[in-house]
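Residue numbers (our numbering): 1 to 299. Notes follow the structure.
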Ligand SMILES: *Cc1c(COP(=O)(O)O)cnc(C)c1O
C-alpha cells in the first residue's frame with residue numbers, strides 16, 4: 001500500500017504537577033499521521049485491508065454515525081488502496097443535511113447507505129449482515145469503529161512508538177479495540193489507563209477481555225470523565241480544550257482526546273495517580289469531528 005504516512009512523533013506536554021512528583025508527560029501524535037486517515041483508525045484498518053485483499057475482495061463495508069472518524073478513515077484508506085467502500089450510516093441525512101464528515105466520505109468515493117436507528121442497531125446480527133451482502137455483493141465487512149480481531153492486531157503496532165522506559169500510557173476508549181491492541185503490544189510492566197468516553201463505561205472491562213491476552217494485567221479504566229455521554233460535552237470541557245490549545249499548541253477533539261487529557265490532568269491534580277513517572281498520552285486523532293461544534297472552539 002503506497003500511502004504516505006508521517007512517522008508519529010512524541011511531543012512534550014507541559015504540566016506543572018502540584019504534587020511535585022517529578023513526573024513528565026509526552027503525547028504520541030497519531031493525529032499527524034495522515035491528513036485524512038488520522039490517528040488510531042489507520043492501525044485498525046490496515047489488517048482489515050490486507051485481509052480483504054487476500055480474499056480477494058475489492059470492497060470494504062462498514063458502519064458509522066454522521067460525524068464518524070472511522071467512516072471517513074475507511075473511505076480514504078479504501079480509495080488510497082484502490083478499493084471501493086460502502087458506509088452504512090445511522091439515521092437519514094439528505095444532501096442538504098449532509099455533515100462535513102459524510103460529505104468528505106462521498107468525496108473519497110464512499111457509497112453512503114442511510115438506515116433507520118432500528119436497522120443500525122442490528123449491525124452485528126449475522127442475518128442483517130447477510131442481507132447487506134445480498135444487496136451490495138461480495139464485501140469485507142468491518143464492524144463499527146474497526147473493532148474486530150484484525151483491528152486489534154493492527155492496533156498492537158501503536159505500542160512500537162512508545163519508549164520502553166515509559167511508566168504509564170493513557171488512551172481514550174470507544175469500542176476498546178485500540179486499548180486491547182495496546183495492552184497486547186506493550187510490555188507488561190508499562191501501566192495502561194483507558195478513559196471511557198460514554199456514560200457507564202464500566203461494561204468495557206468485560207467486553208474487552210476477549211481481545212486481550214489471557215495474561216494481560218496492569219490496566220485500568222477511568223469511567224468518570226464522559227462529560228455527559230458519548231459525543232456530548234459541557235462548558236468545562238470546551239474551556240479545557242481551548243486552554244490546552246493556548247498553552248500546549250495542540251488541538252484535541254471533544255469526543256475522545258479532550259476527555260482523556262482532562263481526566264488525566266484532574267487525576268494528577270488530585271494526587272490520585274501514585275508514582276506517575278514517565279507518562280505517554282496517545283493523541284488518537286479525530287479532529288475532523290470538531291466541525292460539529294466549530295463555533296465553540298477558539299482554534
Ligand atoms: C475511534 C477513536 C477512539 C476510540 O478507539 P477504540 O479503538 O474504538 O476504543 C479514540 N480516539 C479517537 C480520536 C477516535 O477517533
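Even for Gly, the Cβ is constructed at its ideal location relative to N, Cα and C. The structure presented is a predicted model; accordingly, all values stated were derived computationally and were not measured.
Residues that DSSP places opposite residue i in a beta bridge
| i | result |
| --- | --- |
| residue 172 | 195 |
| residue 7 | Its beta-bridge partners do not exist; DSSP assigns none. |
| residue 278 | 24 |
| residue 87 | 62 and 112 |
| residue 220 | 193 |
| residue 29 | 283 |
| residue 140 | 60 |
| residue 13 | 25 |
Cβ neighbour criterion (16 or more within 10 Å) applied to residue i
| i | result |
| --- | --- |
| residue 225 | buried |
| residue 303 | The question about residue 303 has no answer, for the chain in this structure spans 1 to 299. |
| residue 38 | buried |
| residue 271 | exposed |
| residue 307 | What is shown of the chain runs 1 to 299, which leaves residue 307 out entirely. |
| residue 233 | buried |
| residue 253 | buried |
| residue 206 | exposed |
| residue 288 | buried |
| residue 8 | buried |
| residue 183 | buried |
| residue 140 | buried |
| residue 82 | exposed |
| residue 299 | exposed |
| residue 144 | buried |
| residue 146 | buried |
| residue 73 | buried |
| residue 164 | exposed |
| residue 101 | buried |
| residue 290 | buried |
| residue 70 | buried |
| residue 246 | exposed |
| residue 18 | exposed |
| residue 92 | exposed |
| residue 47 | buried |
| residue 131 | exposed |
| residue 22 | exposed |
Same chain, Cβ closer than 7 Å to residue i, five either side skipped, listed in chain order
| i | result |
| --- | --- |
| residue 26 | 10, 11, 12, 13 and 280 |
| residue 124 | 143 |
| residue 258 | 237, 240, 241 and 252 |
| residue 122 | 128 |
| residue 117 | 90 and 91 |
Any chain B beta carbon closer than 7 Å to residue i
| i | result |
| --- | --- |
| residue 81 | This model lacks chain B altogether, as it is built from one protein chain only. |
Own chain, CB closer than 6 Å to residue i, minus 5 neighbours either side, in chain order
| i | result |
| --- | --- |
| residue 76 | 36, 37 and 108 |
| residue 213 | 184 |
| residue 24 | 278 |
| residue 274 | none |
| residue 78 | 60 and 85 |
| residue 267 | 273 |
| residue 156 | 181, 184 and 185 |
Own chain, CB closer than 8 Å to residue i, minus 5 neighbours either side, in chain order
| i | result |
| --- | --- |
| residue 201 | 173, 221, 223 and 226 |
Residue i Cβ short of 6 Å to ligand 3 heavy atom set
| i | result |
| --- | --- |
| residue 277 | Only ligand 1 can be found as ligands here, which leaves ligand 3 out of the picture. |
Does the region 264-283 come close enough to the region 24-32 that 3 or more CB-CB pairs lie under 8 Å?
-> yes
Taking one C-beta from the region 88-102 and one from the region 161-171 each time, how about it: are there three or more such pairs within less than 8 Å?
-> no
Hey, is the region 233-244 in contact with the region 143-154, meaning 3+ C-beta pairs nearer than 8 Å?
-> no
Segment contact flag, the region 124-139 with the region 54-71, C-beta cutoff 8 Å, min 3 pairs = yes
Pairing CB atoms from the region 261-269 with CB atoms from the region 41-50, are three or more of them under 8 Å?
-> no
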